[in-house]
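Peer 1:
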Amino acid sequence: MKTQFNFNPKGPFNLSLTINSGQTSQPPWKEDSHHFQELVIVNGAPCLVKIGHEDSDPENRVNIMAESPEEISGKAIESKVRDIFGLDHDLDQLYDFLGEDPKLKPTIAFCQGLRIFKAHNPFECIISSISSANCSILRWTRSVNDIKRRWGDGYRFSSGDFYTFPSPTVLARAPEHDLEEMQRCEDNLPPDFVFDKNLQACGVGYRAKYIINASHMVQSEINLDKLARMKYEKAFDTILQLPGVGPKVADCILLYGLGMGEAFPVDVWIKRIIEYLYFPGEELKPQEVREFGMEHYGDWAGYVQLYLFHYARKSGLLESLKKK
DNA sequence: TTCCAGGTAGTCG
DNA sequence: CGACTACCTGGA
1499 MKTQFNFNPK GPFNLSLTIN SGQTSQPPWK EDSHHFQELV IVNGAPCLVK IGHEDSDPEN
1559 RVNIMAESPE EISGKAIESK VRDIFGLDHD LDQLYDFLGE DPKLKPTIAF CQGLRIFKAH
1619 NPFECIISSI SSANCSILRW TRSVNDIKRR WGDGYRFSSG DFYTFPSPTV LARAPEHDLE
1679 EMQRCEDNLP PDFVFDKNLQ ACGVGYRAKY IINASHMVQS EINLDKLARM KYEKAFDTIL
1739 QLPGVGPKVA DCILLYGLGM GEAFPVDVWI KRIIEYLYFP GEELKPQEVR EFGMEHYGDW
1799 AGYVQLYLFH YARKSGLLES LKKK
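The opening residue of the first sequence carries number 1499 in this note's numbering; numbering runs sequentially from there.
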């Protein structure tokens, strides 16, 4: 099945900025000639989605070309795409909110059309976010793509091979490192066999055991369907139980995996930016920064975090806030 | 070569 | 509790 259609986002949308802004929900989609593509699961069916958006288009249309071995309605595809790119978020309303705070107002011009880039599903976001902790964005991207290639379901399209993110069941069984993979193998392997189908071979380092244990836990004590129905505070406390999940990673999961816009993930940069803007000369604890963000920004906290970081990056503020 | 990157878990006072 | 440190990895 192949289909093609257009629709409109609510307010401005910058597709490439949203995809390449380093949000740790899912790696950037594959780019080719102003379009981006990725394999998406729609109503349980694999679907290659190719998305395009011209900034110069006066009608502000999002263009979709989709391809699947199964029949999928355009409506269902649109709905999934709207969810992943936050296309129903009212950015004009966000800009009104940002405009009211002199500290936030400058972010608007730097981040026009930047939106929350959600994960395909909560589990992918949990593993993605755990993998991102204390890790460069470059290495993180490589790791997540390696995990997908090794354990995800692969599908071949004319534009290349694409992979789903593996299920908890599959990842829970993945070997932690070379040694474990070796021990599980038959011993009639060729002498030059390379052991690389294990988590540490994906570059996740010590996070490998977190990934395995978290995958076990979401199949037993932590129910992701229930999690999605919880209020923010309860959901936060619940996922803190997962190994490798502290306050920052928990907020990323709630924001990028479950769409809880009130989450305010505090990393070292956001901490420095908030201190610089609102508490010059003072030093706050990460927890205090988180409380400040949630109190002041309410339901827009997640977007404020996103906008502040990119504003700081583009304006050169980030560079000046580096630790000496 | 040495240092450090978009934190967390473990240990100690 | 609050402060302190080790931790995989790989690019600069």
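Just so you know, even glycine gets a beta-carbon here, dropped at the ideal spot from N, CA and C.
Keep in mind it's a predicted model, so treat the numbers as computed, not measured.
(1) Note down, in chain order, each residue of its chain lying with its Cβ closer than 6 Å to the Cβ of K1822, except the 5 sequence neighbours on either side.
(2) Across which residues does DSSP place A1543 in a beta bridge pair?
(3) Quick check: what's the CA-CA separation for V1668 versus W1649?
(4) Taking only runs of the beta strand (DSSP E) that begin and end inside the stretch 1522-1596, which ones reach a length of at least 3 residues, in chain order?
(5) Under 8 Å, with one C-beta from each stretch per pair, do the stretch 1696-1706 and the stretch 1633-1643 reach the 3-pair mark?
(6) Got a sec? Which residues, its chain only, sit under 7 Å from G1757 by beta carbon, not counting five neighbours each side?
(7) Pick helix, strand or coil for E1817, following the three-state DSSP scheme.
(8) If we count the other Cβ atoms within 10 Å of its Cβ and call it buried at 16 or more, is D1749 buried or exposed?
(9) Among all the DSSP beta bridges, which residues are the ones paired with Y1653?
(10) Measure how close the beta-carbons of L1596 and P1510 come, nearest whole angstrom, since I'm counting them as under 8 Å.
(11) Can you give me the C-alpha to C-alpha distance between E1529 and Q1535, rounded to a whole angstrom?
(12) Do you know how far the Cα of K1724 is from the Cα of H1794?
(13) Exposed or buried, P1673, counting other C-beta atoms within 10 Å across all chains shown (16 or more means buried)?
(14) If I measure Cβ to Cβ from I1710 and keep anything under 8 Å in the same chain, skipping five residues before and after, which residues do I get?
(15) Taking C-alpha atoms, which residue in P1741, S1665, A1712 lies nearest to G1542?
(16) L1806 and I1771 - do their beta-carbons sit closer together than 9 Å?
(17) Please say whether I1624 and Q1521 have beta carbons closer to each other than 9 Å?
(18) Taking F1790 as part of the alpha helix (DSSP H), name the residues at either end of that continuous run.
(19) Would you be able to state if there are at least three C-beta pairs under 8 Å between the stretch 1648-1662 and the stretch 1717-1731?
Peer 2: According to the data block:
(1) Position 324 of the first sequence holds residue 1822. Residue placement at K1822 is poorly supported in this model, since its pLDDT is 49, which falls under 50; the coordinates are not used for a value here.
(2) Position 45 of the first sequence, counted from the first residue, corresponds to residue 1543. Its beta-bridge partners are V1540.
(3) As a first step, residue 1668 must be located in the first sequence, where it is residue number 170. As a first step, residue 1649 must be located in the first sequence, where it is residue number 151. When rounded, the distance between both Cα atoms is 7 Å.
(4) 1528-1530, 1533-1540, 1543-1551, 1560-1565
(5) Verdict: yes, contact present.
(6) In the first sequence, residue 1757 corresponds to position 259, counting from 1. The answer, listed in chain order, is K1616.
(7) For this step, residue 1817 is matched to residue 319 along the first sequence. Note: E1817 maps to helix in three-state DSSP.
(8) Locating residue 1749 in the first sequence gives position 251, counting from the first residue. Classification of D1749: buried, given that the 10 Å Cβ count is 16 or more.
(9) Position 155 of the first sequence, counted from the start, is the residue given in the question as residue 1653. DSSP output for Y1653 lists F1660 as bridge partner(s).
(10) Position 98 of the first sequence, counting from 1, holds the residue named residue 1596. Position 12 of the first sequence, counting from 1, holds the residue named residue 1510. No, L1596 and P1510 are not in contact; Cβ-Cβ is about 13 Å, not under 8 Å.
(11) Here residue 1529 refers to the residue found at position 31 when the first sequence is read from its first residue. Here residue 1535 refers to the residue found at position 37 when the first sequence is read from its first residue. Linking E1529 to Q1535 through their CA atoms gives a straight-line distance of about 6 Å.
(12) By 1-based counting over the first sequence, the position of residue 1794 is 296. By 1-based counting over the first sequence, the position of residue 1724 is 226. The straight-line gap from Cα to Cα measures roughly 28 Å.
(13) Taking the first residue of the first sequence as position 1, residue 1673 is located at position 175. Buried, because 16 or more other Cβ atoms sit within 10 Å of the Cβ of P1673.
(14) Translated into the one-based positions of the first sequence, residue 1710 becomes position 212. Hits under 8 Å: L1669, A1670, A1672, E1674, L1697.
(15) What you label residue 1542 is simply residue 44 of the first sequence in a count that begins at 1. When only C-alpha atoms are compared, the closest one is S1665.
(16) Working through the first sequence from its first residue, we reach residue 1771 at position 273. Working through the first sequence from its first residue, we reach residue 1806 at position 308. Contact flag set, yes.
(17) The residue you call residue 1521 lines up with position 23 of the first sequence. The residue you call residue 1624 lines up with position 126 of the first sequence. Not a contact, by the Cβ cut-off of 9 Å.
(18) Locating residue 1790 in the first sequence gives position 292, counting from the first residue. Counting along the chain, the alpha helix (DSSP H) containing F1790 begins and ends at 1784-1795.
(19) no
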